[in-house]
Amino acid sequence: MSKISPLVDSLISSIQCLPGVGPKTARRMVLHILEMDREAGMLLAKNLKKASNMLVDVRNVGSFLKRKYVQPAWIPKDQKN
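Under the working numbering, think of the first position of the sequence shown as 30, with each following residue one higher.
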């Protein structure tokens, strides 16, 4: 991967989990995010964390719903944490 920093390598690996994103695209995306102004990058991180904590992917409903509104019966067994 990159020779910049282990943190950059970690970010690149994280971005590669997205569909269609290989190592070169992930590297470009990470470098772009790091070159953005600090507040924009921090807002992106904050919103990703918030969405991850507050939303549930309910496949049988076909949407992401706020966790507090999701009934446990709606979540397939393979998705329950």
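We put the CB at the ideal spot given by N, CA and C, even for glycine.
Can you tell me whether residue i is buried or exposed? The criterion is at least 16 other CB atoms within 10 Å of its CB, across all chains shown.
{"i": "R67", "result": "exposed"}
{"i": "A55", "result": "buried"}
Using alpha carbons as the reference points, say which of the options lies closest to residue i.
{"i": "N82", "options": "K95, G49 and L40", "result": "K95"}
What are the start and end residues of each continuous alpha helix (DSSP H) run of 4 or more residues lying completely inside the region 35 to 70, in chain order? 35 to 44 and 52 to 64
Would the region 43 to 59 and the region 70 to 77 be scored as touching if the rule is three or more Cβ pairs under 8 angstroms? no
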